[in-house]
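Here is the structure we will look at.
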Amino acid sequence: MKNRLMTGLGNISVKELRLDMVKKEDVLMPLVQGFARRVYRKRYGANLNTFCKELLTLISNRYGVLSCVGINTHESGRFFLEQYLDRPVEEEISGCIGEDIKREEIVEVGTMAVLQGGLCRLMMAGLAGYLTQNGKRFIVCTAVQSISNTFSNFKIPFYTIKKADRDRLKEGAADWGNYYDSQPHVIFIDLKMCLKEIENVLGNVDMGLSDDMSILIKDMFIRGMNLAEVEGYEKEEALKCSCGML
């Protein structure tokens, strides 16, 4: 079968996947947050109560929410991960690369929740397309080893700023279960430095991926670039088919 992704739910066709930016006022927000809570509870024993302002979400017409990743821009205020740092994140990045960076160029990414590993690649492709189209240059996130491995597999360079220390949290430290046993670190990615890797994926350069996965990744990147809001009735349908997931 071509243009399909093998998951624990079975084969999923690219045609039944939808990439949507879910915002605070959207009907899907409680559903996607609930999905993320279940993933974190199952994986880390965590009680997730902190979410980004927007959630980029991958939805299947048959199975509902498959994965999500949160986005905070400079307009969201202080980033959650800045609790781990001794100075504002733009100063940290500027110090690493020797260049004055504006906060407006930076996006915090968090609340990454996926049903299985292959979906992480699709989410990152969609995220890269979305941020590139919106003129953002830097991604900052708290990355566990599996996320760092995904970046490495794509040959995407990233910089480590500092280890994420549970003791730096102002509140809710106990809610994170064993998440910090995964050795999370605050990292950043310069999308400007990733253009070659992005071009390789879009140009079908062999990166050790299956044909189906390469097609899906390319499709998700383009969808991210062309992301538009889903009509209300479509969100209601996703709400119905997602009930009972996980």
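FYI, the numbering used here numbers position 159 of the sequence shown as 140, with every residue one higher than the one before it. Ideal Cβ positions, reconstructed from N, Cα and C, are used throughout, including at glycine.
Margin query: Which runs of the alpha helix (DSSP H) at least 4 residues long sit entirely within the stretch -11 to 37? Give them in chain order.
Written below: 10 to 25
Item checked: Sheet register partners of Thr113 (DSSP bridge) -> Counted from its first residue, the sequence shown places residue 113 at position 132. In DSSP, Thr113 forms no bridge with anything.
Check: Going by Cα to Cα distance, which pick from Thr31, Asp7, Ser41, Met10 is closest to Arg(-1)?
Finding: Your numbering for residue -1 matches position 18 in the sequence shown. Residue Ser41 is the option with its Cα nearest to Arg(-1).
Checklist line | Identity of the residue in Pro11, Ile203, Ser163, Val50 nearest Leu96 by Cα | finding: Against the sequence shown, residue 96 aligns to sequence position 115. That would be Val50, whose Cα lies nearest to the Cα of Leu96.
Next item on the list: Taking Ile128 as the reference, give the member of Leu108, Cys101, Lys143 with the closest Cα.
Entry: One-based indexing of the sequence shown puts residue 128 at position 147. Checked all of Leu108, Cys101, Lys143; the closest Cα to Ile128 is Cys101.
Check: So, helix, strand or coil for Phe61, using DSSP?
Finding: Walking along the sequence shown from the start, residue 61 turns up at place 80. Correct three-state label for Phe61: helix.
Item checked: Per-residue burial, Thr92 [other beta carbons within 10 Å of its own, 16 or more giving buried] -> For this step, residue 92 is matched to residue 111 along the sequence shown. Counting Cβ neighbours within 10 Å, Thr92 comes out buried, since at least 16 surround it.
Next item on the list: Using three-state DSSP, classify Leu47 as helix, strand or coil.
Entry: The residue labelled residue 47 in the question sits at position 66 within the sequence shown. Three-state result, Leu47: strand.
Note to self: Can you tell me which residues form a DSSP beta bridge with Phe169?
What the structure shows: Counting from 1 along the sequence shown, the entry for residue 169 is found at position 188. DSSP output for Phe169 lists Val121, Tyr140 as bridge partner(s).
Checklist line | Sequence-distant residues of its chain with Cβ nearer than 8 Å to Lys151 (five each side left out) | finding: Translated into the one-based positions of the sequence shown, residue 151 becomes position 170. Cβ within range, chain order: Gln64.
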